[in-house]
Structures are given as C-alpha cells and as structure tokens.
Ligand SMILES: Cc1ncc(C[n+]2csc(CCOP(=O)(O)OP(=O)(O)O)c2C)c(N)n1
Ligand SMILES: Cc1ncc(C[n+]2csc(CCOP(=O)(O)OP(=O)(O)O)c2C)c(N)n1
Ligand SMILES: [Mg+2]
Ligand SMILES: [Mg+2]
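Protein chains in written order, with the numbering used here: chain A, 2 to 326; chain B, 2 to 326; chain C, 709 to 1066; chain D, 709 to 1066.
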C-alpha cells in the first residue's frame, strides 16, 4: 500500500496498466514530454516512449477522432482533454462516432477508449477552465461517465474504464488533484462502473454527490453534527449509467433526497435523479426531492467565483430545509 | 390572413423581417441560391442578394463564429444548421462565445443572432438527421431555445427571436414543416419568448409537449375522448427559459403531470420540468410527475425508427397510467 | 515522382486516358494485368448499374434517401484497385464503387440506404469502415488507424475519402495535419465532384485547386483526373509506396463531376449549369475506360450490354432480398448500444416489448 | 509586393532590422514619423515592464494565472501601429502590447488576469474584442466582423491573432478560409512563438513554415521576423492596403520566441532547449528597436532607464488600483447573462443575496 493523491493514483494506474498492456497509448496536448499541464501523465513518455505517450497538435477533434481509429485498429487509447471546457472541438467525435460505432456497425467495431478530462471550478482559473459538463455526456446513449472523488476510487474506476470495451469519459476533479492523500493498494483492482458507494449510513435524508463536491458534502455533515439529523451520504462515482438501485433504496428508507452538484442547475444532472426518484419512490417521499446546483450563470472569473461555488454551509442549510420540510 | 405551413410561415417571416431591417443576413450551407435543403429560405437570395443570403463553405464553426462577429459589427445574422445533428462543429461557438459575450464584456457586446436548425425524427432520414438535442442548449446559461409547433407560433416566435438582443436557438420541427396549414396574419406580430400556450384547459392532468410532438399529444387526447379524463395540454414553445409559472399553476390545479418529448429520456429536458414541479408544487401532487421520452438508444435508421418514435397511443397510455396512479 | 511532376502549385492535372480513352502519355500507362483491368471496369459498371437501379427503386418508393455515385466510379475504383487486402478503406458516404471493389457485398450497400444498420455490418476482414455522415470527421479515424498501423508495425495503408465540401471543414484540417505530423501511412482522397449539395466548389475555396492544401501540411499533393481510372491508379500506387516506406501521407484531389443529384431528395437542375453538365457527360469515366479495354481487345460493346443486363438482374435480385429483410428487430436497436446494456435501458426495451414492439 | 518577394514557398523571412538594430535593406525601411516610432518603442517597453511586474505580482501571490508576452512585443506593436483607429483588433490571449497600443488601459488588462470580467469591458470605440481563451475560435469572429465591414461598406480592416498551436485547430482552418472565400478585409497574424505550452512548433506542422497554409486558401501569405517591429509594420501596411482595396485577406506568420513561461503555472525550463533560449534572447525585439531609435537619435540609454522606472511605477500604481477593486459584486455575475434575466435566475440571485452574497 502506498499513500497517494488522486493525481498520483491516476498516474500510478496509467503506469500499471501501460506496463501490463502495450496496446495502451496516451495522447493529448502536452501529455507526453511534460506529462500534462497538471503532470498527471508525468514520466510515462520517458518510460514508454513517444509512440505510446503522444504530444499531439492542438486539435481536439483529431485527438478524439484519431483515438477512435486507434481503437478500431488494435490500440487502447487514453486521451486527455486539457480541460473539459476545451473538449468542444472533440465533442462531435464523441457524440457522432464514439457513442455509436458499436451500434452503427452492429458490433463489428467496439471502441475500448477512455477520454480523461479535468473538470470543475474552485481553483481560481481562467475562463473555460472551470466547467462541470456532466450532462453533455450523460445524455448521450453509448457513452459512460465516471467521476472519482478519492484516490482509491480514481485507481479502481480508471482501471475499469480502461478494461471497458466501450468508450468511457473519465472526469477528474482537478480541485482535488492534490488536496489529500489516501492509502491505495499496489495491486491491480477495479471499482465497478455503475456502482455508487455509500459513504455513510443514515436514516433521515439521502444526500448524493460526486467528485469535487464529496469533501464539501462531508464537511456539511460535520457542520450538522450537533443537529439531530442522520444523513445517508452516497458518492455516485458513475454518472452514466448511475446506480439507480442504491440511490432509490436509500430514498425509500430515508424518505428525503438531496443531490448536490456544481453543474448548472437547470437541465442539470440532479434533475435526472429527481425524476427517477419520483418514478420509483414517490410514495416514500416525505419531502420534495431536491437539488443544490450551480447557478445558471457563466462561471465567473476568480474574483467572482465565490458567488458560484457551493459551500458546505449551503449544503448543510439545504439538508436542514429538506429535513424540516 | 394567408394560410401557411410552418415552413411557409418561417419563409414569410424571414422575408418580412429582412424587408424591414437590412441588417438581417441569412447564412448557412445551401441557404442562398437553392434556399436550403428544405427550401425554408427559398427566394430570399433572389430578393435580397448574395450579400444578405449567403451560401457558406461547409463549416459550422465558421457559420456560427462568423455570425458572432457579424452581430458585433452591426448585422443581425440568422444562420442555419442544415440539421441539428450537424451543429456540433459550431457548438463551441455557441457555448464558449455566443452564450457568454455579453457577460464576458460586461455589456459592451451583446449578440442579436438567431441560429435555426431543423430537429427531430420521424421523416425516415439518414443517420444524424433525427436528433432532438434540446438539453445541449437549454443547459447552457446565456442561450435561449424556442420551438414552435404551429405556423402561427413559428412566425411570432421567429419575429421575437430576431428582435431579441441575445442569441436565440430556433428549433424547427422538420416533421411538421409541411404537415398542415394554418391561417397566419400578414402583419408583423410577436409571440413572447418564455411564454407557454395552454392549448386546452383541463382538470385531471397537465400534459406538456412542444414542437413535433404537439400533434401527437393532441391525437393522444382524442384517443382518450371516451375516457373520463380532462387533460390540460400546454405547448411549452420556449424550452429555455421555460414558462415555469404557467406549468406550475396548471399542476397545482390538476395535481398530475406528464411531459412528452422525443429527446432521449435520461438527463433529458423532461427531468428539468419534473424537478421544478417537485420544488414548487410538491404538496399538490396526486401522482408522481412523469415523463415520456425517447429511449436511451442511438436513434435507429428508418427501418427501425418505429421502435424509437413516440406515438399517440403511448402518450394516451401514459396519461392513463398517471391518472390512475 | 508524380507529385513533383504534377505539383499542385503548377495547377496541372495527372491524366493517363483522355475522355476518348486514348493514352495521353505512354510512359504513365500502368502495367495492370488483364484480369484486374476487367475487374476494375466491371466494378465500375456494376457500380453504375446498381446506382441507376437504386435511383429507380427510390422513385418507385421502395428505397429511401440515396446518394448516387454516377460519374465518380473511376475516382473510386482507380484507388481501390491499387490497394491491398490488408489496407484500410475509410469512406465518406458516396463511395459505393470503391466499397464494391474492396469486397463489400452489394446487399449491404443497399441495406444501408434502405435504412438498416446491417448495411454497415461489414466483415472485419474487409477493413472497411462504416459510412460516415458527419462530413470530414472520418479523416480523423483514418489518422488513428494509420497511427496504430505505424506503431504496431503493420504493413498496411489507410485511405480516407472526403468531398470538395468536406475540405472546408475543421475536421479535414485536423485529420490531414495529424497524419502529416506523425508521418502516417495514410492517403486522403478528395473526391471533388464540383458540388456540396447545391454549393459549387468555388464557394469552398478560393484556391485554384484543392490539392494545394497539401503544401500547408508539408506533404505531397496531386491533382488527378478523377474520371480516369488509370491516373487514379498510378497516383494511388505511388502514394501507397510512399506510405509503406515510411514517407508519410499524400493528398490526392480527384477532379470529377457528380452527374446525378446530391441525393434522391435533391434536384440538381436548380443549381447546376446545363453546359457544364453536358460537358461533364462527355468526360464520363465509363466511356473512356470501356474504349481503352476495347482497344486492348479486352472488351466489346456486346459484352457491355450483356454485363449491364447481368448487373441489372443482379441488382434487382439483391434489392429483392433487401426488401424481404423487412423491418429491424426491436432487439437490434438495443443490443449494440453497449456491450452490457445498463439496467434502465434494459427496462426501456422491456417496456417497448410489452407495448408489442418486436 | 512583399508577399510575392517573400513568398512563403521560398521560405524566406521578411526582415528590416537585424538583431542588432541595423537596417538590412534600406528600400524596405518604412517612413514612420518620429512620434510614432517613439510611441511604438514606448509601448513595447511598457508592455515589457508591465509584463515583468505581472509575473512578480503573481509570484508574490497577488496576481492569478498570467500569460506573459516577453519577446513578442514587436510581433504585436508592429501590427497595431499599422492600424487605423477604425480597424478592429481580435486578440487571442497573449497580445498585451498590441492592446496597449490600440488604446486598452493597462488597468483593464491587469484586471482581466486578476480575475475580473471588467478587464474585458473595453470602450467600444477601441474596437477591441475581449480575450479569447478557446484556441483559434476568435478567427471566426474576425471573419464575421470583416464580412459586416464589407457588406456595410465600412472602410475598416480586422486583424486576428492566433498562436502557432492554434494553426492546427479546425477553427483556424474554417475562419481563414471563410475570409478567403468571401474576400474579406481581414488579416490573420500567427504569432509563432515556437511553443504551445510545452509542445514545440514542430509538432504542430510538418511544413517548413506556417505561412504556407495561405497557399491552400488561395490568399497571400508571408513569413516575417516577428522580433522586428518594422518588418511587422510594413507587412501589415501592405496587407491592410490590400484588404481596403477589396483584394481580400492576408496570412502573416510572425516568427518570434516566447522568452517567458506559457503562463505563470508553467515551467519552461522543463521542455525548452537552453541553447535555443539563449539564442532567442539575443534576438530580443527591444534590443534591436532601441538601438534603431538610438541610431536615429530618438532615444538613449538614460531615457530608457528613466522610462523603465516610470513604467514600473505606473504598473505598480495601476496594479494597486486593481487590487483595491477587490471582489466582483454579486449583481455583476448575474446582470449580464441576458438583457432581461429570466425569473428563475433572478430567484437564484435573490437566494444568493439572502445567503449574504454581495
Ligand atoms: C458536418 C456536416 N454538416 C452538414 C452535413 C449535411 N451534408 C450532407 S452532404 C453535404 C455536402 C457534402 O459535400 P461534399 O463534401 O462535396 O461531398 P459530396 O456530397 O459532393 O460527395 C452536406 C452539407 C453533414 N452531413 N455533415
Ligand atoms: C481549444 C483549446 N484547447 C486547449 C486549450 C488550452 N491551451 C491554452 S493555451 C494553449 C497553447 C496555445 O498555443 P499557441 O496557439 O501557440 O499560443 P501561445 O500560448 O503560444 O501564445 C493550450 C493548449 C485552449 N485554450 N483551447
Ligand atoms: Mg462534392
Ligand atoms: Mg505558441
């Protein structure tokens, strides 16, 4: 066991998988020589060579589009979008091709490929560096979207994503890259895609969060310690396809539901969870299933970002509101 | 008053507005000489010249990106994406720039621009010609999205979109382009963006639909005529920002809610409406607010499209389910 | 090298056969065995016949939207004939004749336009990608395939097709450049049929020819008479050799003319110049290639008629089979979304079945 | 024409001043009045000083991420000086010196990097677009602006900047081509500073130079010594004249070198070649332009020191003002989303206020 940050766990997992399987290649802007702007892929070009750790031209459609071709011809590409806010040029390839190739060819071609992208705000970054665009992937049939919130899950989910025969989008909570460390087993293990993790059991309310907001949700629960509220906290981990069973069972038990995300509220990911809870647990509900999401405004530049960022206090207040409904 | 199809109404409105305002220009693939693949812009290049009705190179980022520049320098561009499934290359311009320019420049530049695109299935078309991608626009702060379902509304909403100082996405239900005619006043009038239309009053259930599925919803209600169900039918008309007030008031009255859309169900537009109803009318609900959306599968080619298309029978059944809950 | 002699900057066009089928430069005439020459011509003829029939079926309301290849057979078969079985073919959507030559069954090509995904379900040994509707996006796939060939040391070349319209698209730029930067075994063929739907070639680029784009990518380019199968053949042979030697990609502009409509939903008489069209008809690739074979005593007018009849019957027979396949099964539209269908989609399938879906 | 004499296919570079500030070809030396020459140099010097200071502020934890311009001042000021007040300037994000010359207040430029949208709130009369972070996307805006100029018969030119990395992007291709096809009054300047973050120029293109891309668009291109303000100036003057005459766009590659890091989050010593860097330092645009002005008796070393001191004080004063502006108001992040805020967002604002947001 070694103690690692999320960033360290991702680097270690890439290394471990590349060592095992030479069909894996990394590609993206600056991922090779320098190891990426966050250094997630640091050292891997030095270890596995330029062919397998590729500095590409500045062209996201080429990065994802060529990944598709590579996946059709024997490779397992793991590409990086430098920030999720810069993936748009490659989005056509994801929606029109990556998501569809298996179906389009009735199974002749499947695409074992992973697209990594740092997402989310809170690092006082420039414009377009702070987006949380879960919905743009979760709404598209044929794609999967996973988001770890811990080093342990980062390793296990990434290993699953690489082993998955279909394309997986891997969001990395950049705010947490180096935020804390955790013991991560050396051995190659997997965290199943599509399975949520119950972080804490509770009876009064089910709170769902993921990625960068998990630590905030945990802090919120701490803030409520002196209140008599028993929170069941779930780390969703996979957004598409999400673990309806775990969440719905929990809500059937608690009767209350809050989903917290940094993505824009309107037409945001939380709405989906609320809809499913309505469909599957309506008669158990003691309060309206509720969401706390980012305001429907362009994410402000750093000096205004605090107006947008979701704090533990806000989460705690919202939990109280739902419980008191 | 003249009798027009939706397609005719759009053509007539473009003509009427271009006549009034020479800052309006049309641009897109094949929109000029030929008048577009559906002939929506037919005759307008002949009338207003090549400068104002532009056949562009095959390049969606250039079409939307140049529209942004035009809007900053005195023009009112109305661009066409030939099918909404081909807008991806231009999506970056919409999300990263069109939606943000006013905010980014703190009001120095606003963008009076309209982006038209035919959307939806049911015309036995090739791959990528049948998408319903409402969420991709509705989730983005700074954009508006309107969808007419009648010739009257097509004219009024398009006139509003053109007059709007901010970018408006105008989805055209291609399945209805020539499906039926309606009397459309000759005079220049507007249908307000953000206002739904109550198509039919009722007491038992609120049904919300828009665009290509409005006629199907109407047929569904006809199918239920012999049942004792009083349906309040609302044509949402604007998806972003949608008319929460009208819908929520209706649900408070009926206690039941169904939203019908062709967009993929998961993380689809209906989820948003269900969430807001939960937030604002929970205590009035007599049944779970429900959605009927497209299956979460790649829209099949024509010989399988019937597995995807939402029929009046399905809508009627779902209405019955909700009412009987 | 042809790409030097016919440097696109000189705006010269590589031609072996003139419109009448005469060899214009004997030094350029490739040594192709008779069997292959006949296979090339027969494939062009089958392409032409199946194309004509498809348009007819469509007019009879039996076929859906279809994108005809009429006039572009040489631009396709000339390339396909120069490829090995091991090479990859990445089509746009108007390459029926090339796909036939590469081994795709006509039944599948028809099935596709008939509205059935089975039409893209090719035997993987054919190394054909499915039809790609989003313009120019397939070039990036070709670049990725070629990258994989290169680093896995597979002796194979990837050919991607794109239209004149497609050259304006960002994905064209990114894909061709990616191939250039990594020196990939890849050939990009621009089928310049003078139109992108109604939009003329002149709206796509102010440049004299489209092959000059190669200059900006630092790779060889060449303008070829796309109605001349031998010119297309030798240009491809050279490009392929270069690719296999590790000398990187080539950009080939095949200058041709779309003699039919864009698709069956289109009326080209609205926008095309009648004189240009008539002129293009005289440059029909079938006319010249037939004459070449006749001159070589490999073909005759009688044989031609016979073959057209045979291919007509064949097309009819195949299309009948296609029509008999009927609708797509419900399971088929669900089964291939993912290797393992997530439970909520499985439920959607079950509900569709309960509603009577099959 | 310079674009003919320095045709990018010849791979020659336009230069007026050599690295030591000597005029290499007197025939090329532009006649610029003294006042303008001094303004050019002073703006370069202000750019350099404000840049140095910004990096310092950042290291002191007072400034956020900042993208330095060091070494690229001539590639910016040479162009800006050739523009009229009526011309549009469309930056990427590393053009501080050009923006200063065009009239943007330093305070706003600092405010932007300080993390405040007010930094992009320019007086519309300046005809400056806001900083554009999504690489190459701004070229399409420039094309649209130029299109509007053309059809509204406004006598004005639009200049867009992009980096060497940006030339690989699809939006570059689409935007430059759009300008070419419609023959727009537009100039695209590639600031080739040899890097896109850590990625060297060689990974962006296999071509000898980036200006050759012009060939494929059918427009004039030229490679210019981007560290030579006079060369940049004359190339721009010619391109601008061409644009105003209705002869369409020009592509200018300014060959320069980024002497600083990509941004303050970057460590260039990891990836750059120390010898290249040292060599680039000797080609510093400020050295040569200062010498040119000294030779012309328009400047002196004392004056230089004096001005650096003045600009340092000025930068400090301005940055202090910036720091005093503090945080962005809550209303500001809501007010400009739409002309009229939809009710549900208005509610979000109210809730934020109730939570104590200001
Ligand atoms: C990205 C994209 N935009 C628009 C379309 C719609 N469309 C289909 S074919 C076509 C014209 C293509 O022209 P060209 O590339 O010359 O190929 P051709 O049809 O002549 O074979 C267009 C605009 C599309 N398929 N993809
Ligand atoms: C579409 C897009 N992809 C990635 C990025 C992240 N990024 C910011 S600057 C940069 C490098 C830009 O290089 P170049 O165009 O040469 O400009 P320079 O930084 O050298 O001025 C990258 C990759 C971005 N801003 N936009
Ligand atoms: Mg074409
Ligand atoms: Mg650069």
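We put the CB at the ideal spot given by N, CA and C, even for glycine.
State buried or exposed for residue i, treating a residue as buried only when at least 16 other CB atoms are found within 10 Å of its CB.
i                       : result
residue 290 of chain A  : buried
residue 1008 of chain C : exposed
residue 791 of chain D  : buried
residue 1023 of chain C : buried
residue 924 of chain D  : buried
residue 73 of chain B   : buried
residue 244 of chain A  : buried
residue 193 of chain B  : exposed
residue 768 of chain D  : exposed
residue 735 of chain C  : exposed
residue 162 of chain B  : buried
residue 266 of chain B  : buried
residue 709 of chain D  : exposed
residue 1 of chain B    : What the structure shows of chain B is the stretch from 2 to 326, and residue 1 of chain B is not part of that stretch, so it cannot be assessed.
residue 755 of chain C  : buried
Going straight from the alpha carbon of residue i to that of residue j, what length do you get?
i                       : j                       : result
residue 806 of chain C  : residue 865 of chain C  : 15 Å
residue 308 of chain A  : residue 61 of chain A   : 31 Å
residue 841 of chain D  : residue 1055 of chain D : 30 Å
residue 891 of chain C  : residue 961 of chain D  : 24 Å
residue 268 of chain B  : residue 268 of chain A  : 7 Å
residue 1027 of chain C : residue 818 of chain C  : 7 Å
residue 172 of chain B  : residue 48 of chain B   : 25 Å
residue 993 of chain D  : residue 937 of chain C  : 55 Å
residue 81 of chain B   : residue 32 of chain B   : 7 Å
residue 296 of chain A  : residue 264 of chain A  : 8 Å
residue 835 of chain D  : residue 54 of chain A   : 43 Å
residue 991 of chain C  : residue 997 of chain C  : 11 Å
residue 228 of chain A  : residue 187 of chain A  : 40 Å
residue 212 of chain B  : residue 34 of chain A   : 51 Å
residue 293 of chain A  : residue 320 of chain A  : 10 Å
Does at least one heavy atom of ligand 5 sit under 6 Å from the Cβ of residue i?
i                      : result
residue 885 of chain D : Here the bound small molecules are ligand 1, ligand 2, ligand 3 and ligand 4; ligand 5 is not part of this structure.
Once you ignore the five residues that flank residue i on each side, which residues in its own chain have a CB closer than 7 Å to its CB?
i                      : result
residue 787 of chain C : 806, 867, 897, 940, 944
residue 855 of chain C : 890, 892
Near residue i, which residues of its chain fall below 6 Å by C-beta distance, leaving aside the five closest residues on each side in sequence?
i                      : result
residue 696 of chain D : It is not possible to answer for residue 696 of chain D, since the shown part of chain D is limited to 709 through 1066.
residue 282 of chain A : 249, 252, 253
residue 210 of chain B : 218, 261
Leaving out five residues on either side along the sequence, give the residues of the same chain with a beta carbon under 8 Å from the beta carbon of residue i.
i                      : result
residue 737 of chain D : 724, 731, 938
residue 878 of chain C : 844
- Any chance you could list the beta strand (DSSP E) runs of at least 3 consecutive residues sitting entirely within the segment 11-39 of chain A, in chain order? Complete beta strand (DSSP E) runs here, min 3: 25-29.
- Query: Whole alpha helix (DSSP H) runs in the segment 842-884 of chain C with 4 or more residues, listed along the chain?
  - Reply: Secondary structure remark: continuous alpha helix (DSSP H) runs of at least 4 residues inside the segment 842-884 of chain C, in chain order: 845-859.
- Message: Which residues end up in the neighbourhood of ligand 4 when you take C-beta atoms closer than 7 Å to any of its heavy atoms?
- Response: In chain order, the residues positioned with their C-beta nearer than 7 Å to some heavy atom of ligand 4 are D:871, D:872, D:873, D:899, D:900, D:901, D:902, D:903, D:904, D:966.
- What are the complete alpha helix (DSSP H) segments, minimum 4 residues, inside the segment 239-309 of chain A? If one requires a minimum length of 4 residues, the alpha helix (DSSP H) runs lying completely within the segment 239-309 of chain A are 245-255, 270-282, 303-306, in chain order.
- Query: In the segment 196-246 of chain B, which residue ranges form an unbroken beta strand (DSSP E) of at least 3 residues, counting only runs that do not cross its ends?
  - Reply: 198-201, 206-210, 232-236, 239-241, all fully within the segment 196-246 of chain B.
- Item | Continuous alpha helix (DSSP H) assignments of at least 4 residues falling wholly in the segment 133-190 of chain B | Within the segment 133-190 of chain B, the complete alpha helix (DSSP H) runs of at least 4 residues are 135-139, 152-164.
- Task: Give, in chain order, every unbroken run of the beta strand (DSSP E) that is at least 3 residues long and sits entirely within the segment 896-967 of chain C.
- Result: Look at the segment 896-967 of chain C and you find these whole runs of beta strand (DSSP E), each 3 residues long or longer: 929-933, 958-963.
- Message: Suppose only complete runs of 4+ residues qualify. What are the alpha helix (DSSP H) ranges in the segment 984-1056 of chain D, listed by chain order?
- Response: As far as the segment 984-1056 of chain D is concerned, its whole alpha helix (DSSP H) runs of at least 4 residues are 993-1003, 1009-1033, 1038-1043.
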